[in-house]
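Read through the structure below, which is laid out as C-alpha cells, and then see the notes.
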Amino acid sequence: MRKTTATALLATALLLAGCSGSGDGDKTAVPEQPDSSIAPKSSSLTADLALPIEGYIFSESELGLMTDAMSSLAQRCMKRSGFDYRPDDTQSPDIGVMDRRYGIANSHTAEAYGYHFPTPKAGESATKSLGEAGRVALAGKPLADGSLDPDGGCIGEAKRRLAGGDAEFGPDKSARELNMESFVRSQKDPRVLTVFRTWSSCMAAKGYRYASPMDAIDDPAFGAEKTSPAEISTARADVECKKKTGLVSTWFDVESEWQRAEIDENAEELARIKRHKTDQLKRAAAELGESR
Amino acid sequence: MRFRTSALTAALAAAGALGMLATAAPAQADDIPDGLCGGVIDVDYCLWYNSGQRGGWTNTYENRSNWAGWNFSNGGQGTNGVGTPVKNNAASYANSHDSKTGVSYFNSNYAGASDVAPPRDKGNLSNTYNNNASFRWR
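Chains as they are written, first to last, in the numbering used here: chain Y, 7 to 298; chain W, 1054 to 1191.
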C-alpha cells in the first residue's frame, strides 16, 4: 500500500516537475487524489475538484514525499556517523485538500463511519533507542531557550538539501495563509450563504437541524470515540443534501474565483512559490529514485 | 493522557520556579522534560496560546479529532492563556517528531481547510483566525 502510494506520488511529482519547465504559469496539474478504503474516490463528491491554491501549497501526500526523502537522507547521514536510525514508516490514509474541506462529502465514509475518520494509534518512536548521542546527531541540540532547532543534526541537513539552502522546507507561508483566508472568506459569500440555507432546509426536511455543513461535522455529539447510528444517518443525509443542492460545486466555485484573483494579483510572488514547490518535489523525487 | 499532562505540568511548574527552563544547558539535553517539544527528539505536537511558542501550552502524542475539553496549561513559557480552551485558540505550534507530519484542521473530525507542519518544525499557525479544531498525524 505504502509502496504503491509512493510510486504514484513519485510519478505525480515528476510530472509536476516536468510541467514547470514548459512555463505554463497558472495551469495546475490536477493533483493525484488519495483513494483509500475509508474514503474511496468512487463515492466522493470532490474527487475531480482541485482548487487553484493546490498548485502552491503542499497536500499531505506531497509533504509525505518530502518527508520520505528527508528521512532517507537523514538515515544515510546517521549511518555515516555510525548510528542505525530507522524512522517510523507507519502511515494513516491521506486526507486530500478537498476531501473533507466542506465537511463530509463521501457517501461510503458517511455510511461506514459517520463523521469520523478512523485513524491508527500512533506508533512507538524509533528514536528512544538511539540514546542521547544518536538523538543529538539526528536532530541537533535544543536551542538556548529550550525549544527545538528545526535546522539541527542530520534532519536539518536533509531539509536544507531538499529546500535548497536557506529556503523554507515544505510549504510557503503566504500560500498557506491564502488557503486559509479563502476558506474563511468564502463562508461569508452570499452565494455560499444561500446554498447553506438550501442545504439546511433539505436537512430539516429529513429531521436534522444545522445551519451549515461545518456545524454538522463540528457537532459535539459526533465527538465520541465510537460512531453512533444517529451519526451515520445524519452524515448520510448530509451527503445526500450536498448532492441535491449542489453545495460542493457552489462553494468550490466561490473559493476558486477568489483564489484565482489573488493569484493573478500576486502573480510574481506566487510564480516564485510554485517554482520553489516544484523544485523541492523534484529534489525529493530524485532522492527517492536514487535510494530505491 | 490527561493525567500525564497534569503530572508533567506540575513538574514543569516546579522546574520553572527554579528557573531551570530558562537556563537549560543544551549539553544536558535530557534534562529538558519530555512533552515540551524542545527536548532532543521528543515525538509530540505542541500548541501555544500566543505566537512564537509562548504563553499557555498543550501537547499531544495522539490524534485529536476534537480539541474540545482540553485547556492550555503552564509549560513554563508564559502564563498568558493558561486555563483557556485549546480548541480554536492556538496561535503557534511545534512538531518535534522526527519523521511524521502534523496536520491541524479548521474544523472537528479532520474537516475544513488544513495546515501541514513538517517534522522538526515550529512556527505560527498560518492564519489570524485561531482555527485549530482537530489534529492528525500523517
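Backbone N, C-alpha and C define an ideal beta-carbon position, used for all residues, glycine too.
Cβ-based burial, W:Arg1191 [other Cβ within 10 Å; buried from 16]:
Position 138 of the second sequence, counted from the start, is the residue given in the question as residue 1191 of chain W. Buried.
**Report entry** Three-state class that DSSP yields for Y:Trp264 in the structure shown
**Finding:** Walking along the first sequence from the start, residue 264 of chain Y turns up at place 258. It is helical.
For a contact meaning CB atoms closer than 7 Å, what does W:Tyr1163 contact in chain Y?
Within the second sequence, numbered from 1, the residue matching residue 1163 of chain W stands at position 110. Going along chain Y in sequence order, the residues near W:Tyr1163 (Cβ under 7 Å) are Ile101, Arg106, Phe123.
* What three-state label does DSSP hand Y:Gly162 in the structure shown? -> For this step, residue 162 of chain Y is matched to residue 156 along the first sequence. Y:Gly162 sits in a helix when the DSSP states are folded into three classes.
Cβ contact (3+ pairs, closer than 8 Å) linking the stretch 1131-1145 of chain W and the stretch 74-83 of chain Y: Counting Cβ pairs under 8 Å, fewer than three are found: no touch.
- How far does the beta strand (DSSP E) with Y:Lys85 in it reach, from first residue to last? Counted from its first residue, the first sequence places residue 85 of chain Y at position 79. In the DSSP annotation of this structure, Y:Lys85 is not part of any beta strand (DSSP E); the continuous alpha helix (DSSP H) holding it starts and ends at 66-86.
* Asked: Which residues bound the beta strand (DSSP E) around W:Leu1100?
  -> For the purposes of this step, residue 1100 of chain W is identified with residue 47 of the second sequence, where counting begins at 1. Segment 1098-1103, the beta strand (DSSP E) holding W:Leu1100.
| Would the C-beta of W:Gly1134 count as close to the ligand FMN, meaning under 7 Å from any of its heavy atoms? | You won't find the ligand FMN in this model; it holds no ligand whatsoever.
Open item on the list: For Y:Asn185, report the span of its alpha helix (DSSP H) as first-last.
Closed with: Looking up residue 185 of chain Y in the first sequence gives position 179. 179-192 is the span of the alpha helix (DSSP H), which, as asked, contains Y:Asn185.
Next on the checklist: On the criterion of 16 or more Cβ atoms from any shown chain inside 10 Å, does Y:Ser234 qualify as buried, or is it exposed?
Outcome noted: Within the first sequence, numbered from 1, the residue matching residue 234 of chain Y stands at position 228. Result: exposed.
**OP:** If I'm right that Y:Arg106 touches W:Tyr1163 with Cβ under 8 Å, what's the distance once you round it to whole angstroms?
**Re:** Numbered from 1 along the first sequence, position 100 holds the residue referred to as residue 106 of chain Y. Numbered from 1 along the second sequence, position 110 holds the residue referred to as residue 1163 of chain W. Correct: roughly 6 Å between the Cβ atoms.
- Item | Enclosing beta strand (DSSP E) for W:Lys1175 [first to last residue] | As a first step, residue 1175 of chain W is located in the second sequence; it is residue number 122 there, counting from the start. In the DSSP annotation of this structure, the continuous segment of the beta strand (DSSP E) that includes W:Lys1175 starts and ends at 1174-1177.
- Item | CB contact below 8 Å: W:Thr1132 versus chain Y | Start at 1 with the first residue of the second sequence, and residue 1132 of chain W comes out as number 79. Answer no: the Cβ-Cβ gap between W:Thr1132 and chain Y never drops below 8 Å.
Closer than 8 Å, CB to CB, is W:Pro1138 near chain Y or not?
Stepping through the second sequence from its first residue, residue 1138 of chain W is reached at position 85. Answer no: the Cβ-Cβ gap between W:Pro1138 and chain Y never drops below 8 Å.
- Message: Excluding the 5 residues flanking W:Tyr1098 on each side, which residues of the same chain have their C-beta closer than 6 Å to its C-beta?
- Response: Translated into the one-based positions of the second sequence, residue 1098 of chain W becomes position 45. The beta carbon of W:Tyr1098 is closer than 6 Å to those of Thr1113, Asn1148, Gly1155 in its chain, skipping five residues each way along the sequence.
- Message: Between Y:Ala145 and chain W, is the shortest Cβ-Cβ distance under 8 Å, so that the two count as touching?
- Response: Position 139 of the first sequence, counting from 1, holds the residue named residue 145 of chain Y. Yes, Y:Ala145 counts as interfacial toward chain W.
Supposed close pair Y:Ile238, Y:Ala116 - CB separation, criterion 8 Å = Within the first sequence, the letter at position 232 stands for residue 238 of chain Y. Within the first sequence, the letter at position 110 stands for residue 116 of chain Y. With a Cβ gap of about 7 Å, Y:Ile238 and Y:Ala116 count as contacting.
**OP:** May I ask you to report which of helix, strand or coil DSSP gives Y:Thr96?
**Re:** In the first sequence, the residue the question calls residue 96 of chain Y occupies position 90. Residue state, collapsed to three classes: coil.
Q.
Taking a contact to mean a Cβ-Cβ separation below 8 Å, would you say W:Lys1153 touches Y:Asp90 in this structure?
A. Residue 1153 of chain W sits at position 100 when you count from the first residue of the second sequence. Residue 90 of chain Y sits at position 84 when you count from the first residue of the first sequence. Not closer than 8 Å, so no.
Could you tell me the boundaries of the alpha helix (DSSP H) in which Y:Arg215 lies? Against the first sequence, residue 215 of chain Y aligns to sequence position 209. Here Y:Arg215 belongs to no alpha helix (DSSP H), and DSSP marks it neither H nor E.
What does DSSP give as the partner residue(s) for Y:Ala132 in the beta ladder?
Here residue 132 of chain Y refers to the residue found at position 126 when the first sequence is read from its first residue. In the DSSP output, where bridge partners are listed per residue, Y:Ala132 has none listed.
**Request:** For W:Val1135, return the contacting residues in chain A, with the cut-off set at a CB-CB distance below 9 Å.
**Result:** In the displayed structure, chain A is absent; the protein chains listed are Y and W.
| Is DSSP giving Y:Arg141 helix, strand or coil here? | Reading the first sequence from its first residue, position 135 is the one you call residue 141 of chain Y. DSSP places Y:Arg141 in helix when its eight states are reduced to three.
Fill in: Closer than 8 Å to chain W by CB, Y:Lys288
Translated into the one-based positions of the first sequence, residue 288 of chain Y becomes position 282. No, its Cβ sits nowhere closer than 8 Å to a Cβ of chain W.
Here's the rule I'm using: 16 or more other beta-carbon atoms within 10 Å means buried, otherwise exposed. How should Y:Ile223 be labelled?
Here the question's residue 223 of chain Y lines up with position 217 in the first sequence. Y:Ile223 comes out buried.
**OP:** Could you name the residues that DSSP lists as bridge partners for W:Tyr1158?
**Re:** Translated into positions along the second sequence, residue 1158 of chain W becomes position 105. Paired residue(s): W:Ser1167, W:Ser1187.
Q. Looking at the unbroken alpha helix (DSSP H) that takes in Y:Tyr91, where does it start and where does it end?
A. For the purposes of this step, residue 91 of chain Y is taken as residue 85 along the first sequence, with counting starting at 1. Note, Y:Tyr91: premise wrong, no alpha helix (DSSP H); not H, not E.
Residues in the same chain with beta-carbon distance under 6 Å from Y:Asp4, minus the five sequence neighbours each way, listed in chain order, please.
Look at the range of chain Y in this structure, 7 to 298, and you will see that residue 4 of chain Y is not part of it.
Nonlocal neighbours in the same chain, by C-beta distance under 8 Å from Y:Arg242, ignoring five residues either side: Here residue 242 of chain Y refers to the residue found at position 236 when the first sequence is read from its first residue. Excluding sequence neighbours, Y:Arg242 sits near Ser113, Ala116, Glu117.
Pair every Cβ in the stretch 196-215 of chain Y with every Cβ in the stretch 247-254 of chain Y, then say whether three or more of these pairs are closer than 8 Å.
yes
Practice problem: Keeping to the same chain, check which residues put their C-beta closer than 8 Å to that of Y:Gly176; ignore five residues upstream and five downstream. | Solution: For the purposes of this step, residue 176 of chain Y is taken as the residue at position 170 of the first sequence. Excluding residues within five positions, the ones whose Cβ falls inside 8 Å are Phe64, Leu69, Met72, Ala169, Gln286.
- Please confirm if W:Arg1173 has its CB atom under 8 Å from at least one CB of chain Y. In the second sequence, residue 1173 of chain W corresponds to position 120, counting from 1. Cβ-Cβ to chain Y under 8 Å: yes for W:Arg1173.
Exercise. Determine whether the Cβ of Y:Gln265 lies closer than 8 Å to any Cβ atom of chain W.
Key: Counted from its first residue, the first sequence places residue 265 of chain Y at position 259. Chain W contact via Cβ: absent.
Problem set entry | For W:Arg1107, the first and last residue of its enclosing beta strand (DSSP E) | Looking up residue 1107 of chain W in the second sequence gives position 54. W:Arg1107 -> beta strand (DSSP E) spans 1107-1113.
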